[in-house]
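Report on the structure given below.
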Amino acid sequence: MERVTLRIPKQQIEEVERMVETGEFPNRSEAIRSAVREMLNEQTADKRQRESTSKRSWAKV
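The working numbering applies: residue 1 is where the sequence shown begins, and numbers increase by one.
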């Protein structure tokens with residue numbers, strides 16, 4: 001796994017900390033990894049949707 005350093009607004013880190021404290025995630029790193037996975041999955045789904053829409057060659061009425 002690669003190490004990444006980033007700056008996040010204090011309010012957002014506090015929200016992540018609350019998620020860790022309530023047991024939603026085991027630690028901040030896992031919470032952030034989960035958010036990145038979710039973002040990438042959404043991007044992939046959006047791309048597939050656009051591609052499937054653009055592949056229709058039949059007439060639209």
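Virtual Cβ for every residue (Gly too), placed ideally from N, Cα, C.
Looking only at its own chain, which residues have a Cβ that is under 8 Å from the Cβ of Gln11, when we skip the five neighbours before and after it?
Start at 1 with the first residue of the sequence shown, and residue 11 comes out as number 11. Cβ within range, chain order: n/a, list empty.
Is it the case that the CB of Ser52 approaches a heavy atom of the ligand HEM more closely than 6 Å?
In the structure on display, the ligand HEM does not appear, and there are no ligands present to speak of.
For Asp46 and Ser34, I'd like the C-alpha separation in whole angstroms.
For the purposes of this step, residue 46 is taken as the residue at position 46 of the sequence shown. For the purposes of this step, residue 34 is taken as the residue at position 34 of the sequence shown. One C-alpha to the other measures close to 18 Å.
Expressed to the nearest angstrom, what Euclidean distance is found between the alpha-carbon atoms of Phe25 and Gln43?
Along the sequence shown, read from residue 1 onward, the residue named residue 25 stands at position 25. Along the sequence shown, read from residue 1 onward, the residue named residue 43 stands at position 43. So the two alpha carbons sit approximately 23 Å from each other.
Rank Glu2, Glu17, Thr53 by C-alpha distance to the C-alpha of Ala9 and give the top, closest one.
Sequence index remark: in the sequence shown, residue 9 carries index 9 (1-based). At residue 9 the sequence reads Pro, which differs from the Ala that was named. Out of Glu2, Glu17, Thr53, Glu17 has the C-alpha closest to the C-alpha of Pro9.
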